[in-house]
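One structure is given below, encoded as structure tokens.
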Amino acid sequence: MAAASTWGTLGIFSKMLYAEGVSFESLVAFRATIGWLAVMLFLLVTGGLRRLRVPRRDLAFLFPLGLIGIGLFYLFYFYTVRESAVGTAAVLLYSSPAFVVVLAWLFLGEGLGPVKIVSLGLTVGGVFLVAGAYDPANLEVTPTVLVTGLLAGLTYGLYSIFGRPVAGRLGPAVILSYALFFGAVLLILAAIPTLHTLAGLAFTSYALLFMLAVVHTTLAFALYTFGLGRLGAGRAAIVATVEPVVAGALGTVLLGEELTITKIVGAGLVILGAVLAQIRFGKTGRRKRPL
């Protein structure tokens, strides 16, 4: 929940940087690269560099974790935000818990009991209300944006699927070091034509960039990865839906956006679903892990 709350401030700060002319490709490349350097510095200071040697079987999860769960997710999501309304992007992105719950049930052997289904329904319904998706004017999207938005939800969800198998064996910092490295390589390649948009910015803009890299990338993903090991992929994805609630609250306070009864009800549903997802009711339908 702490990770999702941190991500909830991302949209506001990103908009500030977009207003300064920073491209979304350069923004995400900077985030991943500086975020990776911050993780490596942390491992160096804490004497954790020796833990970077991981078994080959773990690399089979870490490579797609970074390439898909960070690299492709960043590209799809920030393109969707740029090309659509914030409400539309939120609804499309938070299709991810549905992807995660089903994929975790199919491939990770996680249970699909009534509690998880109810919490998923509450959070999806809450995000629908918070984003104002009931108003057709908020959901006018091109086919391209619809596809990239759903792909953002899928790739965001796949971070949980690829991260869960190694979360119990490797520390969050080690997992994140590999994920951010592989993701940063892809993002730098994608950002090459627009890297010049990072030059000549004001000091406050560079401060924002570093904050987005260290706090919103390194710290937030480390918290979420830690949560994967404790909650499981499905529950962690559901709990993360508090992000649009935080974003909506900050939008009201800082940007003067309208706060309606519908948004308040939606926020309550998301929080209720997130809390319910963290409660364990004994052995509730955990499937046998596939061979």
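Letter by letter, the sequence shown follows residues -8 to 282 of this note's numbering.
Glycine residues also receive a C-beta, built at the ideal position from the N, C-alpha and C atoms.
- A buried status is given to Thr208, since no fewer than 16 other beta-carbon atoms sit within 10 Å of its beta-carbon.
- At a Cβ-Cβ threshold of 8 angstroms, Leu18 and Leu8 count as neighbours.
- In this structure, Ala198 is the residue among Val256, Thr146, Ala198 with its C-alpha nearest to the C-alpha of Arg22.
- Taking C-alpha positions only, Ser151 is separated from Leu167 by approximately 12 angstroms.
- A buried status is given to Leu260, since no fewer than 16 other beta-carbon atoms sit within 10 Å of its beta-carbon.
- Sequence-distant Cβ neighbours of Ala89 in its own chain, meaning closer than 7 angstroms and more than five residues away, are Leu111, Val115.
- For Gly26, the enclosing alpha helix (DSSP H) covers residues 15 to 36.
- Assignment of Gly104 by DSSP, reduced to helix, strand and coil, places it in the coil class.
- Within the model, the alpha-carbon separation for Gly159 versus Pro127 is close to 43 angstroms.
- Counting the other CB atoms within 10 Å of its CB gives Thr139 a total of 16 or more, which places it among the buried residues.
- In this chain, the alpha helix (DSSP H) harbouring Leu145 covers 134 to 158.
- Spatial neighbours of Leu94 in its own chain (CB-CB distance under 6 angstroms, excluding positions within 5 residues in sequence) are listed in chain order as Ile152.
- DSSP places Ala89 within a helical segment (H, G or I) once states are collapsed to three.
- Around the Cβ of Gly174, a 10 Å sphere holds 16 or more other Cβ atoms; the residue is buried.
- Scanning Tyr169, Leu120, Leu84 for the CA closest to the CA of Asp49 turns up Tyr169.
- The C-alpha of Leu113 lies about 33 angstroms from the C-alpha of Phe54.
- In this structure, the beta-carbon distance from Leu186 to Gly62 does not fall below 8 angstroms.
- Excluding residues up to 5 positions away in sequence, Glu16, Ser17, Ala20 lie with their Cβ nearer than 6 angstroms to the Cβ of Ala182 in the same chain.
- Rounded to the nearest angstrom, the Cβ distance from Ser75 to Val36 is 41 angstroms, too far for a contact under 8 angstroms.
- When the Cα atoms are used, Ile59 and Val92 turn out to be separated by approximately 18 angstroms.
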